[in-house]
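For what it's worth, our numbering labels the leading residue of the sequence shown as -9, then goes sequentially. We put the CB at the ideal spot given by N, CA and C, even for glycine. A short write-up of the structure that comes next.
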Amino acid sequence: MALWTSRRRGYAVGTLAITAALALSACGGQSAGTDTAKPSADAGAGGAKLVNPGKLTTCTNIPYEPFQFKEGDKVVGFDVDIVDLAAKKLGVTQEIVDIDFAQIKSGAAMASGKCDVAAAGMTITPERQKNIDFSVPYFDATQALLAKKGTGATSLDDVKAKGLKLGAQASTTGLEFVKGKGFDPVEYADSAKELLALQAGQADVIVQDLPVVLTWLKKPDVAAKFEVIASLDTGEQYGIGLKKNADPVLLKTINESIETAKKDGTYEQIFVKWFDKKPGELG
């Protein structure tokens, strides 16, 4: 009788073990299926890893018209439209974070997870590439000198010979360019402060990206008193910045969106919208 009871118990335990195993297997299969079908919290459409789910977070430095600036409560501009192409391709919306440009150009903003990308009229340079991965170039840039009318200067050499006070935006390639020519310009935190300094007479001449200067000159009060005295062909190109060793899916998506836009005419439409000229006609 004891023997029969032992066997019976053995059968019961075995049956329970099998039932439990099947139940666990069923639960495990359901869980795995759910995880596989649902992307991780930081993944966007197409598998791109994003800082905030459902959003392509862009760091920029406002104002930098016409690349990015506020129009009411909304941030608009050429760079905004370019990044929107990638956001649309990913199936997400773009969210913009306004921070100091120094944090952008150093790569700190992306490395710390403040944003996925940086679009701030940022020139691709070997120094920046040490800390940032860049997209393919999306804009050919050049610098310009804006001065009060009547200075008689038509070049950087004239600015130096006449002892004119030169201003530049901090952390920019324009600043580095004139420093390389032997100048020690007064630095301003952003482009708006730089223009205000010129208008207030704190600077006689300022160096800034040509498209920005041309946008300023569309304003009657600026055009009445100031003029471009020289264009400085620095051979610069802008790129969308990402953190070093960027997510390959995100980088590929951005590159493809830029390249496709250039082929299908979308890029030209965006360009004309913000510059009133076609690519290559800015001067």
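- For the pair Asn42 and Ala110, the CB atoms are not nearer than the 8 Å cut-off.
- Excluding the 5 residues flanking it on each side, Phe68 has same chain C-beta neighbours closer than 6 Å at Pro56, Phe57, Trp264, in chain order.
- For the pair Ala108 and Lys150, the Cα-to-Cα distance works out to about 35 Å.
- Annotation for Phe129: Tyr228 place their beta carbon closer than 6 Å to its own, counting only its chain and skipping 5 residues before and after.
- Apart from the 5 residues on each side of it in sequence, Leu156 sits with its Cβ closer than 8 Å to the Cβ of Val149, Val168, Phe173, Pro175, Val176, Ala193, Asp194, Val195, Ile196, Val197 in its chain, given in chain order.
- Three or more beta-carbon pairs drawn from the stretch 60 to 74 and the stretch 242 to 260 are found closer than 8 Å, and the two stretches are therefore classed as touching.
- Shortest Cα-Cα distance from Gln119 to any of Leu136, Ala236, Leu46, Ile89 involves Ala236.
- With a 10 Å radius around the Cβ and a threshold of 16 neighbouring Cβ atoms, Leu186 comes out exposed.
- Runs of the beta strand (DSSP E) lying entirely within the stretch 199 to 257, each at least 3 residues long, are 216 to 228, 231 to 233 in chain order.
- If the five residues before and after Ala99 are omitted, its C-beta is found closer than 7 Å to the C-beta atoms of Cys49, Ile89, Gln93, Cys105, Ala108, all from its own chain and listed in chain order.
- Counting every other CB atom within 10 Å of its CB across the protein chains shown gives Asp63 a total below 16, marking it as exposed.
- For Lys104, no beta strand (DSSP E) run applies, since DSSP gives it neither H nor E.
- In the three-state DSSP reduction, Lys155 falls in the coil class, being neither helix nor strand.
- Residue Gly97 holds the alpha-carbon nearest to the alpha-carbon of Asp123 among Ala38, Thr144, Ala251, Gly97.
- Residue pairing by DSSP leaves Gln119 without any beta bridge partner.
- Of the residues Leu135, Ile244, Leu240, the one whose Cα lies closest to the Cα of Pro201 is Leu135.
- Taking C-alpha positions only, Leu241 is separated from Leu165 by approximately 29 Å.
- The alpha-carbon separation between Asp147 and Asp223 amounts to approximately 15 Å.
- In the three-state scheme derived from DSSP, where H, G and I count as helix and E and B as strand, Gln189 is classed as helix.
- Ser145 sits exposed, since fewer than 16 C-beta atoms from the chains shown fall within 10 Å of its C-beta.
- Going by beta carbons, Val126 and Glu226 fall outside the 8 Å limit.
- Rounded to the nearest whole angstrom, the C-alpha separation of Gln133 and Gly255 is 26 Å.
- In the three-state DSSP reduction, Thr163 falls in the helix class (H, G or I).
- Secondary structure of Ala77 (DSSP, three-state): helix.
- If you check the CB distance, Lys267 and Lys215 do not come in under 8 Å.
- DSSP, reduced to helix, strand and coil, places Val168 within a helical segment of the structure shown.
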